[in-house]
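Protein chains in written order, with our numbering: chain A, 20 to 169; chain B, -4 to 707.
Cβ atoms here follow ideal geometry from the backbone N, Cα and C, with glycine treated the same way.
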Amino acid sequence: MQALTINGIEQEVDLADDTPLLWVLRDELDMTGTKFGCGVGLCGACSVHVDGEVVRSCQLSVGDAVGSEITTIEGLAGTSDQHRLQIAWIEKQVPQCGYCQSGMLMAAAALLAEHPKPTDEQIDSAMTNICRCGTYPRVRAAIHRAAEMG
Amino acid sequence: MTNNFSVSRRGFLATSAALVVTVAAPKIAVAQNVDPNALGAFIRIEPEGEVTFVSPTFEMGQGSLSGLALIVADELGADWNKIKVVNAPVAPAYNVPGTPVQYAAGSQAVRRWHAPLRLAAAQARTMLTEAAASQWDVPVAECRTQDGFVIHKASGNRVPFADIVSDAAQLPVPEAPALRDDNPLTGSNVTRIDLPSKTNGTAIYGIDVRVPEMVYAAIRQAPVFRAALVSVDASALDGMPGIIEVVELEDAVAVVADSFWKAKQAVEALDVEFAKSTYDYLATEDIAQSQKLQLDTRFAVASVNEGSAFSMIRDASNVYSSDYDVPYLHHMTMEPMCCTAHITDDTCEFWVPTQYSSAVRGVGMRVSGLPAEQVIVNTTHMGGGLGRKFEMDYVDQSAKIAKQVGRPVQLIWTREEDVQHGRYRPMMTARLTASIAEDGTPEAMRIRLVGPSIPEFRNGIPFKNGFDFRAGLGITTETESAPGKLQQYKLDNLLAEIIYQPAHVPVGSWRSVGASENGFFIESFIDELAHEAGRDPVEFRRTMLRDSPRGLAVFDRVVEEFDWDAELPEGHFKGIAFSEAVGSIVVQAVEVSMENDEPKVHRVVCAIDCGKAIHPDSVEAQTVGCIIMGISSALYEKITITDGHCAESNFYDYRVLTLEETPDIQVHIMESDYNIGGVGEAAIPGTAPALANAIFAATGKRIRSLPIIDHI
Ligand code: FES
Ligand code: FES
């Protein structure tokens, strides 16, 4: 039995300790905003926050997630309607297929938490998520836009 | 045909019950009880005035859903912020105009649907204005619609659609109503409909479908394509929790479990034997070698034979020739293949990310044995399509697994399965030959292509009516502005031949299909000709474009915006390419430098003429997306066949472009009065040759084989 805190809510699951958090979210809790892209920690589609740090949830076992504060895309806005990144994302019309965007937004939110006004270089090194649709230039622009709004 | 797109009275019936329902899977709205054979399949105005557009196309990121909704909302005078869009079920009314099937491919959504949807909206608008005009007793010509209201300016009357819809429903459907000439939404950058859900995790992709009682399947397919499954030893699964069933397929085995993670672990634990195959020792080099030999064959199918290219080249004194090749490529959609199916005694239902819903229904009929009416296809958002989700392999597997298990099953491929069982862009080998006029430009050109055939892989026949049009895409033209036979170039003597190379490697349509290879061959070759003639590549192409004012205008725009004649920083070099695909004209100029023996792309300047840009922001987004995929594939991407199977397996050995590597990309949209062209694939073909031409300028080495990093 594992007790998890996800988006501020306590949830209990009963799984093998080595089950990746990604599949706990998706299959057990039906929180499908967090996406599966590669399963090996390379694409970032599964990014969530664990105690405020961006983590690729396909690489974190549920056993290791116990006791941490987990935030997923569903909880990114917190108590408000939209996180400023989500507003900027819509304003800049960033998503195409949209599949990578949950992970992009989680990575961007962690970046802004660390660097409220990130430089292009900081964006380049933090945003290692893969987007096959090629939304990268708009991701950059929307992060700058959200930084302005902050 | 006109009638098929009309609005029916039925669609207006104010008494209709809920017309859009939510089916078993929560959050996926499917227009379940639209009567698809009736008129009025596209636009529904509810008694409360809510406008619903039933979209015949599917969204994979190309923005068509919003593009088509915009066309409808604009012509109808609906409120953009309130229009609802649902995906159509499979039915004849939603077949792509001019075809017997329902699909999203070939960058055709806006091109093919623009006129019929506009007509349907105009019919609805006319009925609404007529109803209001007769209520107010004013001339109908003085009434107009705007933001969901009918308005009569002189009298100050205005009525919301909701209050007039039942009267309007009583009126006859006008056959050929006038189209409005003020279309404020068209050409504006209104917010795409799908964006909010794609920023908060609520958009439902194929992998997100949740149906009551649903279980999950993971699959292991024969590494050597299509090798038969011989035996499965499942003893390793004893004691594993959550396992429901092991399903044997012809060339694969699947495990069904109560979670995907358990299914995946179990399928990997199986002891599986696949049959020996004649391809067990085949490698990419063997296929490449064979294709190279075939360049010299005497027999070829001519897909284009204009003027007297053959004899002119045979008799010419000045002939130039070069050979090129491109590797197999994977689509690498971010959402891997997945499909949910449920087969009972009397229904077969799918929830699937697909570009080809008619074919899904066909699979359902074949596997379930049920008639068409009992097969339901719910389409979801696609986490990328790129041509891959036009295929039926994953749909077929999910249906077969669901049939055996007897409950809803969601099949998900791991990334490894996805990479190793692609429907790859064909590996192609080409020889381009030209007879050269005194000024160095080609008088006649011969393009020989050798490679596998996508139609052959799909249907068993390599050619249709004598040729494989997919392989020949991007050579001639789909526009009315071409002065010659080769895209927009002035060239009257063109012979394009296709030589079929049988191979066991699965192939399919990869964004822009044949144009993506042919663009590289043709524009590299023209660059070579310019160099041979000692002429500047820009000036040389301008000469060849002289009779296409349209092509020249796009070309000149890029030359100007790039500032082609300006000095570049030390160590930076430039390349340019012209291309025409899916009815649009695209020119790209790139700036590169070499860093640690790898090319670094600094800047891309692009101009596109797609006729009218319905939603310019989407044109920009698609063009940038194509360029990024174009750079990625030209620089890095390659599928290798070793011992009959695909050697790559995930992002660590199939490298794609990252944000950090993405250059500054400028797109200039040039509108024209020519027919609307496609945009979802238009900018793919020109990127690779522009890069290769820049690398030639940088290193003196002509890149005739992709990916570039393997050849510098
Ligand atoms: S799915 Fe976790 S990084 Fe790709
Ligand atoms: S928006 Fe499609 S993968 Fe990023």
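Query, Result
"Below-8 Å beta-carbon distance, aspartate 36/A vs any chain B residue", "no"
"Residues, ordered as in the chain, of the stretch 109 to 129 of chain B that lie near chain A by beta-carbon distance below 8 Å", "none"
"Near ligand 1: arginine 75/A beta-carbon under 7 Å from a heavy atom", "yes"
"Check: leucine 427/B C-beta below 7 Å from any heavy atom of ligand 1", "no"
"Residue(s) in a DSSP beta bridge with alanine 22/A", "Glu31/A"
"Chain A within 8 Å of histidine 663/B, Cβ atoms only", "no"
"Chain A within 8 Å of alanine 616/B, Cβ atoms only", "yes"
"Strand pairing of tryptophan 713/B, partner residues [DSSP]", "No statement about residue 713/B is possible, as the shown extent of chain B runs from -4 to 707 and does not include it."
"Residue(s) in a DSSP beta bridge with glycine 446/B", "Tyr495/B"
"Opposing strand residues paired with aspartate 266/B [DSSP bridges]", "Asp228/B"
"Best match in Gly675/B, Phe516/B and Leu114/B for proximity to aspartate 318/B [C-alpha to C-alpha]", "Phe516/B"
"For glutamine 103/B, three-class secondary structure by DSSP", "coil"
"beta-carbon cysteine 62/A near ligand 1 non-hydrogen atom, thresh 7 Å", "yes"
"Option in Ser254/B, Ser230/B and Pro218/B with minimal Cα separation from valine 210/B", "Ser254/B"
"Nearest-angstrom Cβ-Cβ length linking serine 588/B and glycine 566/B, presumed shorter than 8 Å", "5 Å"
"Alpha-carbon to alpha-carbon, methionine 332/B and methionine 624/B", "19 Å"
"Own chain residues within Cβ distance below 7 Å of threonine 10/B, not counting five before or after", "Any reading at threonine 10/B needs caution, since the residue's pLDDT is 30, under 50, leaving its predicted position unreliable; the model's value is listed next. Here the set comprises nothing."
"Interface flag, aspartate 233/B vs chain A, CB-CB below 8 Å", "no"
"Valine 25/B at chain A interface by Cβ criterion, 8 Å", "For valine 25/B, the predicted model reports a pLDDT of 38, less than 50, meaning its position is unreliable and no value from the coordinates is stated."
"Chain-ordered chain A contacts of asparagine 373/B [CB-CB under 7 Å]", "Correct list: empty, because the minimum Cβ distance to chain A is about 16 Å."
"Contact with chain A by lysine 77/B, beta-carbon distance below 8 Å", "no"
"Reference leucine 482/B; option with closest CA among Thr472/B, Leu490/B, Leu489/B and Ala491/B", "The question names leucine, yet the displayed sequence has glutamine at residue 482/B. Minimum Cα distance to glutamine 482/B is reached at Thr472/B."
"Chain-order list of residues whose beta-carbon lies under 6 Å from that of cysteine 334/B (same chain, five-residue window excluded)", "Val347, Tyr389, Val390, Ser393 and Leu406"
"Pairwise C-alpha distance: glycine 27/A and threonine 98/A", "11 Å"
"Pair within 8 Å by beta-carbon distance, serine 700/B and aspartate 281/B", "no"
"Cβ shell of valine 267/B (< 8 Å), same chain only, five flanking positions each side left out", "Arg215, Leu224, Ser226, Val227, Asp228 and Val248"
"Close Cβ partners of phenylalanine 568/B (< 8 Å) along its chain, the five nearest in sequence each way excluded", "Glu586, Val587, Ser588, Ala689, Ile690, Ala692 and Ala693"
"Glutamine 120/A beta carbon near ligand 2 (any heavy atom closer than 7 Å)", "yes"
"8 Å Cβ cutoff, tryptophan 346/B in contact with chain A", "no"
"Beta carbon proximity, glycine 378/B to chain A, threshold 8 Å", "yes"
"Collapsed DSSP secondary structure at glutamate 137/B in the structure displayed", "helix"
"heavy atom of ligand 1 below 7 Å from cysteine 116/A C-beta", "no"
"Check: arginine 151/A C-beta below 7 Å from any heavy atom of ligand 2", "yes"
"Partner residues on chain A for tyrosine 647/B, Cβ-Cβ distance less than 8 Å", "Val59 and Leu61"
"Any C-beta of chain B under 8 Å from that of cysteine 152/A", "yes"
"6 Å Cβ shell around tyrosine 323/B - same chain, five flanking residues per side excluded", "Tyr419, Met422 and Ile634"
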